[in-house]
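One point on numbering: in my numbering, the residue at position 41 of the sequence shown is 55, and numbering is uninterrupted. Take a look at the structure set out below.
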Amino acid sequence: MYPEEMTTPMRAELTRIGVEELITSDDVQAKVAQSQGTAVVLINSVCGCAAGGARPGLALAMQSAEVKPDKFLTAFAGVHTDAVAAVRSLVPAPASSPSIIMFKDGKPVTMMHRSDIEIRDAQAVAQVLSAMFKEVCA
Numbered sequence: 015m016y017p018e019e020m021t022t023p024m025r026a027e028l029t030r031i032g033v034e035e036l037i038t039s040d041d042v043q044a045k046v047a048q049s050q051g052t053a054v055v056l057i058n059s060v061c062g063c064a065a066g067g068a069r070p071g072l073a074l075a076m077q078s079a080e081v082k083p084d085k086f087l088t089a090f091a092g093v094h095t096d097a098v099a100a101v102r103s104l105v106p107a108p109a110s111s112p113s114i115i116m117f118k119d120g121k122p123v124t125m126m127h128r129s130d131i132e133i134r135d136a137q138a139v140a141q142v143l144s145a146m147f148k149e150v151c152a
């Protein structure tokens with residue numbers, strides 16, 4: 015577990031723009047697994063690619079994408095361990111932090127792994143996310 019004083023500003027980067035935190039596995043069940051519609055879930059992290067690409071990329075996509083998912087959600091690896099484990103249990107892919115997963119009607123549709131994020135700046139992450147939103151949510 016990371017100290018709260020370390021992760022609070024990183025979490026706030028997303029919550030202050032309307033991204034809802036998934037704190038427990040029950041949150042994941044209610045808001046993702048058993049939910050209708052579309053959702054994007056960002057598994058947040060303390061690493062540089064989360065700070066430089068994932069968080070600001072999601073923020074840019076939220077502002078600029080023509081088509082958007084119904085829900086924007088996040089869980090923080092090393093902080094919200096039950097929620098992160100619950101999200102990962104829904105995804106047939108290796109664990110990755112950060113990662114950004116698109117869900118439709120409770121099922122994972124597509125995912126940006128850490129390896130997809132760390133090679134892009136925030137603008138490029140936003141472009142990929144905008145395309146994902148358009149494909150999954152339209």
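For every residue, glycine included, the Cβ atom is placed at its ideal position computed from N, Cα and C.
Listed in chain order, the alpha helix (DSSP H) elements of length 4 or more contained wholly in the region 67 to 105 are 69 to 78, 95 to 104. In this structure, I115 places its C-beta atom within 7 Å of the C-beta atom of V55.
DSSP places M116 within a strand segment (E or B) once states are collapsed to three. The beta-bridge partner set that DSSP reports for V54 consists of F86, M116. Three or more pairs of CB atoms, one per stretch, sit closer than 8 Å, so the region 108 to 125 contacts the region 45 to 54.
By the Cβ test, the region 126 to 135 is not in contact with the region 73 to 82, since fewer than three Cβ pairs between them sit closer than 8 Å. Contact between the region 98 to 112 and the region 24 to 44 is present, with at least three C-beta pairs closer than 8 Å. According to the DSSP assignment, K148 belongs to no beta strand (DSSP E) but to the alpha helix (DSSP H) extending over 136 to 151. Check the Cα spacing between V81 and each of S110, A140, T38, C61: the tightest is with A140.
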